[in-house]
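Only one structure is covered here, and it is reproduced in the block below.
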Amino acid sequence: MEQQEKDIIVTASTVAMFINKISHAVAAGAREGVIELHFQNAKDHWERLGDLFNRRPPSGGNKEYDEFAKSLGFSDAGEMNKLISNVDISAPEKMERFLKWKEADGTKTGLLALFKTS
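All residue numbers for the sequence shown refer to this note's numbering, where the first residue is -16 and numbers rise by one.
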């Protein structure tokens, strides 16, 4: 396994860890600042994950990530990353809606609907 593949696995695991921390913080009624910190960390690592996929060689690297994004209704991984990085989580209820979208839906249609209710 090449280093870049290892970096992708570690970064994806880190994203999952921060999303898990957000879920636990929301369930525990944590202060908004704590939740926002976990969300920002997840968002930063998500963007890094996108960068790692986009740097992979054309022999299948970003093609797989684009196919995943397309399966969710996005035009490509870049569009998916851009929309997710612009999600407004300024209030706990907005954060909760985002987390529900992430866990239950994940599609572009669902994300755009989330923007309309934000």
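Where is the CB? At the ideal position from N, CA and C, for every residue including glycine.
Source: prediction; values computed, not measured.
Residue of the options minimising C-alpha distance to residue i
{"i": "isoleucine 18", "options": "Ala25, Ala8 and Asp27", "result": "Ala8"}
{"i": "alanine -5", "options": "Trp29, Ala52, Ala60 and Asp88", "result": "Trp29"}
{"i": "histidine 21", "options": "Pro75, Glu50, Phe57 and Asn64", "result": "Pro75"}
{"i": "glutamate 15", "options": "Ser54, Val70, Ala(-1) and Lys77", "result": "Lys77"}
{"i": "aspartate 71", "options": "Leu55, Phe36, Ala52 and Ala96", "result": "Ala96"}
{"i": "asparagine 37", "options": "Lys26, Ala11 and Asp59", "result": "Asp59"}
{"i": "glutamine -14", "options": "Ser73, Asn69, Leu35 and Gly56", "result": "Leu35"}
{"i": "leucine 82", "options": "Ile2, Thr(-3) and Lys(-11)", "result": "Ile2"}
{"i": "alanine -1", "options": "Gln23, Lys91, Arg80 and Leu94", "result": "Gln23"}
{"i": "isoleucine 67", "options": "Leu94, Ala87, Glu86 and Glu79", "result": "Leu94"}
{"i": "serine 6", "options": "Gly61, Lys85 and Glu(-12)", "result": "Lys85"}
Residue i, buried or exposed, once every other Cβ within 10 Å from all chains shown has been counted against 16
{"i": "asparagine 64", "result": "buried"}
{"i": "serine 42", "result": "Residue placement at serine 42 is poorly supported in this model, since its pLDDT is 42, which falls under 50; the coordinates still yield a value, given next. When all chains shown are included, serine 42 counts as exposed."}
{"i": "glycine 33", "result": "buried"}
{"i": "phenylalanine 57", "result": "buried"}
{"i": "alanine 52", "result": "buried"}
{"i": "isoleucine -9", "result": "buried"}
For residue j and residue i, believed in contact at Cβ under 8 Å, the rounded distance
{"i": "leucine 55", "j": "lysine 26", "result": "Incorrect: roughly 17 Å between the Cβ atoms, too far for contact."}
Residue-level contact to chain B via CB, residue i, 8 Å cutoff
{"i": "glutamate -15", "result": "No chain B is present in this structure, which holds just one protein chain."}
List in chain order: all unbroken beta strand (DSSP E) runs of 3+ residues lying wholly within the stretch 16 to 69. none
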